[in-house]
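Mapping of the sequence shown onto my numbering: residues 276 to 621, in sequence order. By construction, the Cβ of each residue, glycine as well, lies at the ideal position given by its N, Cα and C atoms. All values derive from a computational prediction rather than experimental measurement. Heads up, the thing below is written out as structure tokens.
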Amino acid sequence: MQLFTSCCGKGFEGKKKVETEPFRKIFSLKELHSATNSFNYDNKLGEGRFGSVYWGQLSDGSQVAVKRLKAWSNKEEIDFAVEIEILSRIRHKNLLSVRGYCAEGQERLLVYDYMSNLSLFSNLHGQQYSGECSLDSTTRKNIAIRSAQALAYLHYHATPRIVHGDVRASNVLLDSEFEPRVMDFGYGRLMLDAGDDEAAKARSNNGYLSPECVASGKESEAGDVYSFGILLLVLVSGKRPIERLNATTKRGITEWVLPLVYERKFREIVDQKLKEEKVEEKLKKLVLVGVMCVQTEVEKRPTMSQVVEMLMIESKEKLSELEANPLFKNPYRQEEVADVISEEQQ
Numbered sequence: 276m277q278l279f280t281s282c283c284g285k286g287f288e289g290k291k292k293v294e295t296e297p298f299r300k301i302f303s304l305k306e307l308h309s310a311t312n313s314f315n316y317d318n319k320l321g322e323g324r325f326g327s328v329y330w331g332q333l334s335d336g337s338q339v340a341v342k343r344l345k346a347w348s349n350k351e352e353i354d355f356a357v358e359i360e361i362l363s364r365i366r367h368k369n370l371l372s373v374r375g376y377c378a379e380g381q382e383r384l385l386v387y388d389y390m391s392n393l394s395l396f397s398n399l400h401g402q403q404y405s406g407e408c409s410l411d412s413t414t415r416k417n418i419a420i421r422s423a424q425a426l427a428y429l430h431y432h433a434t435p436r437i438v439h440g441d442v443r444a445s446n447v448l449l450d451s452e453f454e455p456r457v458m459d460f461g462y463g464r465l466m467l468d469a470g471d472d473e474a475a476k477a478r479s480n481n482g483y484l485s486p487e488c489v490a491s492g493k494e495s496e497a498g499d500v501y502s503f504g505i506l507l508l509v510l511v512s513g514k515r516p517i518e519r520l521n522a523t524t525k526r527g528i529t530e531w532v533l534p535l536v537y538e539r540k541f542r543e544i545v546d547q548k549l550k551e552e553k554v555e556e557k558l559k560k561l562v563l564v565g566v567m568c569v570q571t572e573v574e575k576r577p578t579m580s581q582v583v584e585m586l587m588i589e590s591k592e593k594l595s596e597l598e599a600n601p602l603f604k605n606p607y608r609q610e611e612v613a614d615v616i617s618e619e620q621q
């Protein structure tokens, strides 16, 4: 992940003072082995870009999620404890901050509070939720807005400013009230810089990464916006970012969504598990903002603060203005109309 040392003055939510806090708790490897039953497979909650996550219970009875990092940077200038302390001071109610860490031998582990409703990925795609719908339209809108606010905070108000670089459904956790907590921000500096071609290839093929980030290997704020746009489309539709149509063909979610947006068929985009009345009207805004975020031309994408503003639009007039954006008009149909007019003029 890319970290910026500069700060912007004004922005999404007034810059807050960073309070002086003690270092995060240092856990022993023995303590975390005991909490996770020696990282037993049955305790495994998921696999992320940086490592596996396990459920655990500490000796005081509190539940935690323990991330066991795959590899970490051993460069002399990278001090694991200092980096974790810097990141733990970045506070926002919709960011999942580190509760503590362990650094023994070659092991590097991060400890978080356990989120009882797991991840957005689990709720949308997990087997335990198949056939069920735990996320209604109101909850999905709240997840969209709060996650956007968290990313805007990272981009403009965190010190240092942070590009997340890995925005996706599995990195949005949900607490007991289904409030989102974005995780895995800022840990790129702790990981090996080079390397793992297989992991890099898997990440570039996960459907969330922007075209320019895939091509250059560099992360950016605009890349986060693109990834968040994919996240919005996933959140509304309940589909994965890339779907396999048959043994040889895959389809990205934007290829499927765009034609439906052009035809204003929003009901066909919305997750079929949602049976609410006029649900397409309730979630249409998320689709429109998502499409704006995934534009190929980087300079045409909104910033995360603009994304927050658009997601919080309530008036019908403002929503109509958003929907009137030329981006949502079928370019092929416009060409057809132009051809007809040209023929008539001849």
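{"Check": "K604 classed as buried or exposed, judged by whether at least 16 other C-beta atoms fall within 10 angstroms", "Outcome": "exposed"}
{"Check": "Residue environment, Q424, which counts as buried when at least 16 other CB atoms sit within 10 Å", "Outcome": "buried"}
{"Check": "Within 9 Å, strictly: CB atoms of V554 and V532", "Outcome": "no"}
{"Check": "Nonlocal neighbours in the same chain, by C-beta distance under 7 Å from A378, ignoring five residues either side", "Outcome": "F355 and A356"}
{"Check": "Euclidean distance between Cα positions of V511 and L558", "Outcome": "7 Å"}
{"Check": "A469 - DSSP class collapsed to helix/strand/coil", "Outcome": "Low local confidence applies: a pLDDT of 37 at A469 is under 50, so the model's placement there is unreliable, with the coordinate-based value given in what follows. Note: A469 maps to coil in three-state DSSP."}
{"Check": "Cβ separation of L520 and R526, assumed to be a contact under 8 Å, to the nearest whole Å", "Outcome": "6 Å"}
{"Check": "The stretch 576–596 / the stretch 542–552 touching (three or more Cβ pairs under 8 Å)", "Outcome": "no"}
{"Check": "Between the CA atoms of R383 and A340 - distance to the nearest angstrom", "Outcome": "14 Å"}
{"Check": "contact_flag[the stretch 487–504, the stretch 438–454] where n(CB pairs < 8 Å) is 3 or more", "Outcome": "yes"}
{"Check": "Inside the stretch 362–408 only - alpha helix (DSSP H) runs reaching at least 4 residues", "Outcome": "395–400"}
{"Check": "N318 versus K550: straight-line alpha-carbon distance, rounded", "Outcome": "34 Å"}
{"Check": "Candidates E592, L410, E596 and I528, of which the one nearest V569 by Cα", "Outcome": "I528"}
{"Check": "9 Å Cβ cutoff met for K548 and M585", "Outcome": "no"}
{"Check": "Residue of E538, E592 and N481 minimising C-alpha distance to E518", "Outcome": "N481"}
{"Check": "Alpha-carbon to alpha-carbon, D388 and L370", "Outcome": "12 Å"}
{"Check": "Buried versus exposed call for T311 [16 or more other C-beta atoms within 10 Å across all chains shown]", "Outcome": "buried"}
{"Check": "S451 in three-state terms, based on DSSP", "Outcome": "coil"}
{"Check": "Contacting residues, own chain, Cβ-Cβ under 8 Å from P601 (five flanking each side not counted)", "Outcome": "none"}
{"Check": "Coarse secondary structure for R456, derived from DSSP in three states", "Outcome": "strand"}
{"Check": "Where the alpha helix (DSSP H) containing I418 begins and where it ends", "Outcome": "S412 to Y431"}
{"Check": "Range of the contiguous beta strand (DSSP E) that encloses I588", "Outcome": "Looking at the DSSP string, I588 is not in any beta strand (DSSP E), and its letter there is neither H nor E."}
{"Check": "Terminal residues of the alpha helix (DSSP H) in which R542 lies", "Outcome": "F541 to I544"}
{"Check": "Nearest neighbour of L333, chosen from I365, I359, G326 and K300 [CA to CA]", "Outcome": "K300"}
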